[in-house]
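Protein chains in written order, with numbering that gives the first Met the number 0: chain A, 0 to 826; chain B, 0 to 228. Glycine included, every Cβ here is placed at the ideal spot set by N, Cα and C. Quick caveat, the model's predicted, so the values are computed rather than measured.
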Amino acid sequence: MKQGFISSFQIILQLALTTAGLTGQSYPGKPTIMRCRSLEKETFSCWWKPGSDGGLPTNYTLLYSKDSEEKIYECPDYQASGPNSCYFDKNHTNPWTTYIITVMATNEIGSNSSDPQYVDVTSIVQPDAPVNLSLETKTSASITYLWAKWSPPPLADVSSNSHVYHYELRLKPEEKEEWETISVGVQTHYKVMGLQAGVKYVVQVRCMLDIGEWSEWSSERHIQIPSGESPPEKPTIIKCRSPEKETFTCWWKPGSGGGHPTNHTLLYSKEGEEKVYECPDYKTAGPNSCYFDKKHTSFWTIYNITVRATNEMGSNVSDPHYVDVTYIVQPDPPVNITLELKKSVNRKPYLVLTWSPPPLADVRSGWLTLEYELRLKPEEGEEWETIFVGQQTQCKMFSLNPGKTYIVQIHCKPDHHGSWSEWSPEMYIQIPTDFRVKDMVVWIIVGVLSSLICLIMSWTMILKGYRMMAFILPPVPGPKIKGIDTHLLETGKSEELLSALGCHGFPPTSDCEELLIEYLEVEDSEDQQLMPSHDTPSKNTKMIPKETDSDSGRGSCDSPSLLSEKCRESRALPSALQTQDVRAVQENTGAKRSWETQCIASEQKTLLFNSESAKSSTWPAAQLPNNHLPMFAYHSTVEAHKIVLSTANVNISPVLVGNEEKHQSQYSITETVHDNMEKQREMENSKTDQSTVQVKQNRHSDKSPFLNPKLMDYVEVHKVRQDEEPTVLLKHKENNGKTEKYTVPGTSKEYTKVSTVVDHNILVLMPDSRIQHTPVSQEPAMETSQNLQQGQAEKNMSYCLTVPSDCKRETSGSEYMDPSSFMPSFK
Amino acid sequence: MSARGASLKGLLLVVLLVSNMLLTKEGVTSLPICPNGSINCQVSLEELFDRAVKLSHYIHSLSSEMFNEFDERYAQGRGFIAKAVNGCHTSSLTTPEDKEQAQQIHHEDLLNLVLGVLRSWNDPLIHLASEVQRIKEAPETILWKAVEIEEQNKRLLEGMEKIVGRLHFGEIGNEIYSQWEGLPSLQLADEDSRLFAFYNLLHCLRRDSHKIDNYLKLLKCRLIHDNNC
């Protein structure tokens, strides 16, 4: 067959080559006779291998001659043995003749012959392998043997079935390599003895005629040799168990007993007794077990138990198993498990577990005492929580997570010995969530309420934002330094201003303050000098630094704690402060940023006035004196200006107006109505001086109290009359008269009465009759310094407006007003 | 008016306090454990049984642990268990061997048996506590347990005698006990034999202590709870 395949393959190949190139056409190559074989020495076949076909369809012809004849014959049957073969049937086969066989390949171009093959039929005999091999194990006389059967190879010619074959059988254990070959003879069955029990064997047979060669081995057959022909193996006692401490059962595992039915006998003897008993009950507990009922069960006694396995071949006894029933009690799982949810007093749910001991166990008599253990976990959880509960048959479980489903199991065990029972079936309990929902509702209510409170608080904060603003950024005090560069002031750099005052270090220390004080004292000496603000370079102006550092560093000076401390200091030591120069005090506080910025603002204002107003071309030193309140007792040189102070206070009105809008201060001002009017008028006004513009801006933004001083622009104290009654003449720059109620802190002078309106833009105010005690200097007002003092007045006013009650000085008292006392507004 | 009220209240408070103190003191002087109507204030039978059961439970736990420790340490692979079937010195005392027997036996007899077993162990336990010290590399836990069991066994015997006395049996079988002859075996020169002697003794101790514990629990349920524990 194989050769047929090969040759056909070669033909195909040659055909392919032929079609591929016609140029290579030639006569065919030489065929080769592969083999000749006779299956039963009555017929035979020959197979050949074609040579190259020369690119053309090739015919093959087998020609033979017999040694006895000259005649050449052709193959009688090309078909029976497949392609490229020739079958010689009985009639053409003569065992006494030698055949000379050649194969000739012929195509259009020419032909080619193979080498001749000499065939002696008897020498080429090789039968096919036997078929239908079957194996079985048989037992006779208690010996197991292998019974193998097979059939002779089938032949094409049925009539030739009378041939006698010799057979060989070989076998080996499956896992081994070496075969054991057995000569069988002519029979087609064989009995193999002495095989290893329990081993799987592989078996093959082959056959041969009396002449010729052995056939191929037949296909393999496998067989398991049962081991039953030996005494059974030792059984093993697996375990003994008593479910209720009254009876017990033992189980064993039979050893491999072979093909024979094996009987198992359990034998036992009890401690102190010689007698051997057999198992009383093999059936109750199932196969391979022995049940000892109550009568046969004793405690505190060792049982020596063995199991004997017996079959035809003999018997085998297990190892002895020593059992004291006391120690092998393993109860059944608890039953009647109930899970109940209950609410405790504080409405928290807890789980009540109850169960009963297993029905078999008699715990009531006290013969058996059980202890329990339960375990639980959330349904999706991994780890069990195990709780040993002792002998009780109920358990309360607290602190379970609501909304979760728990799995609960219980098992039990005798009190001393024995083992735990199986776990009881899983019990599920859902811890309801509604308890939690109630909690949630409470929390939601709390949350809503708190957020509502927050909302209200923030709302009020926004409403009262200006106050907060004032707390954070209090108004700026007026300038008190003479000779400072106007441009520097205009830039609004407090740092530079400070630097101008000789304080270079940050944070400002006491040194800094001292410096300032010194500086101011120097200024004080120049009090009476009239100095032009820009064209007269003084030593002060020289000190103006070039640095344009931002005021960020000042913050350290301004920390609320510091300020409040200052406030406290100032309150605690009023006398000390009072002895100081008023201006020095002012400067002290001026070290604070807010103060300073105010100073800048007001100073700037003043400077603006200076530049604009023809009346005040000079910079009067008098600008610096504190005009908070009359403080005649403290500084004589300032006294001269006290009058001015009082008058200057009058000028504050616009500031007040500005502030009044936001601060509900003690000053009741009726300005508001006029405010808008003013604004409108300002808008209309052809005068576009800087201050006016600023005012407008301020009014619109309505935010910064610092800019309020700029409102002063359009009101000037024209004149203060001191003759009979103190009267202030207010002059509006924009020619607008105003009717306002001015309340000056400390002085308690309210200029509420409009005396007269002069020249359309001069308002004559008279102090309120109720407050007549204001000490007013008899000296004539220095009109030239009025505007400058306005700045100071503004400064004071703005402070007053932001003064919180706790830090506010008693303004009605005729004491000086410590600016630091306003600081606690940061508190 | 208010001042008077306050003083009145204060007085009342003081009176209450004093009376409460007096009452409390009275409570302290009386013994709540004492059962009502009893002439001699005694511990109740239930309480006695409770204590006895606790004690027997404890003794058995100790002896069981001791046996296991010894078994693990000295008896592995020596096949002592097969030899131990020869019985214990208390085997002459016929004790109930299963539930039915235990339930059929009269509680009086059962109590006497318990007493007999306890007494039978007095002697061997004393020797065990001393001889166990000689075991090579005996762990402290075994030594300690031997002493503890010996002491607790005495206490349990006292308690059981008290219980028996309370139950007013006509005659206490004082002489029921089994003599132990095993001291020489504990002092054998051959280590293997000696260790087996210990093994057997501990094995018997475990068994008998369990017996006693079991019987006492049974008796408690029968006598105190009327078989309805």
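Residues of chain A with a CB under 8 Å from the CB of residue i: which are they?
i      : result
H209/B : W299, T325, H415 and H416
R221/B : S364 and G365
A81/B  : N303, P319 and Y321
H59/B  : H415
Whose C-beta lies closer than 6 Å to the C-beta of residue i among residues of the same chain, with five residues either side of it excluded?
i      : result
A83/B  : N199 and H202
P332/A : H410, S420, E421 and S423
K219/B : F48 and V52
E130/B : L185
V163/A : V185
M207/A : H165 and W213
K216/B : V52
L194/A : L145 and I224
W383/A : R374 and K376
K293/A : E245 and T246
M456/A : none
T89/B  : V116, S119, S177 and D207
R220/A : L132, L134 and V202
S685/A : The pLDDT assigned to S685/A is 43, lower than 50, so where the model puts this residue is not dependable, and the model offers no usable value.
I222/A : L134 and Y200
Report the neighbours of residue i on chain B: residues whose CB is nearer than 7 Å to its CB, in chain order.
i      : result
E270/A : V84 and G86
T143/A : Result: empty, since nearest Cβ-Cβ is about 37 Å, beyond 7 Å.
T296/A : D97
Taking C-beta pairs closer than 9 Å, name the residues in chain A that residue i reaches, listed in chain order.
i      : result
S192/B : What S192/B touches in chain A: nothing, since even the nearest Cβ is about 20 Å away.
Q102/B : S364 and W366
L109/B : Chain A residues near L109/B: none, gap ~12 Å exceeds 9 Å.
Report the partner residues of residue i according to the DSSP bridge assignment.
i      : result
Q223/A : K199/A
A147/A : L134/A and Y189/A
W46/A  : R34/A and S84/A
D119/A : T97/A
T60/A  : M103/A
N262/A : T309/A
To which residues of the same chain is residue i closer than 7 Å at the C-beta, ignoring the five residues directly before and after it?
i      : result
G313/A : P230
V155/B : In the sequence on display, residue 155/B carries Leu and not Val. Excluding sequence neighbours, L155/B sits near A51, L54, S55, I58 and L117.
C85/A  : S44, C45, L61, C74, D76 and Y77
P94/A  : K40, V120 and T121
T140/B : E68
E158/B : A small fix is needed here, since residue 158/B is Gly in this sequence, not Glu. These residues qualify, in order along the chain: L47, R50, A51 and L54.
L61/B  : K144, E147 and I148
N213/B : none
Rounded to whole angstroms, how far is the Cβ of residue i from the Cβ of residue j, which I believe are closer than 8 Å?
i      : j      : result
V191/A : Y144/A : 6 Å
L132/A : V183/A : About 12 Å; that fails the 8 Å criterion.
G50/A  : P30/A  : 5 Å
Y176/B : R118/B : 4 Å
T42/A  : D88/A  : 5 Å
S110/A : P27/A  : 7 Å
K252/A : V316/A : Between V316/A and K252/A the Cβ distance is about 14 Å, and since that is not below 8 Å, they are no contact.
P431/A : L340/A : 7 Å
Kindly list the residues whose CB is nearer than 8 Å to the CB of residue i, restricted to its own chain and excluding five residues on each side of it in sequence; keep chain order.
i      : result
T97/A  : K65, D66, Y117, V118 and D119
W149/A : P129, V130, N131, L132, S133, Y166, T187, H188, V204 and S217
P152/A : L38, P126, D127, A128, P129, V130, Y164, C206 and S214
Chain B partners of residue i, CB-CB under 9 Å?
i      : result
D361/A : K98
K293/A : D97, K98 and E99
T235/A : Here the premise fails: no neighbours, minimum Cβ distance about 17 Å.
E245/A : D97, K98 and E99
Using the beta-carbon of each residue, which ones in chain A are nearer than 7 Å to residue i?
i      : result
N226/B : R363 and S364
S62/B  : What S62/B touches in chain A: nothing, since even the nearest Cβ is about 10 Å away.
K216/B : G365 and T368
R206/B : W299
> Would you call the region 314–321 of chain A and the region 384–401 of chain A touching, i.e. three or more CB-CB distances under 8 Å?
Replying inline: no
>> Count Cβ pairs between the region 236–251 of chain A and the region 359–377 of chain A that sit closer than 8 Å; are there 3 or more?
In response: yes
>> Does the region 292–310 of chain A come into contact with the region 269–276 of chain A, if we say contact requires no fewer than three beta-carbon pairs (one atom in each stretch) closer than 8 Å?
In response: yes
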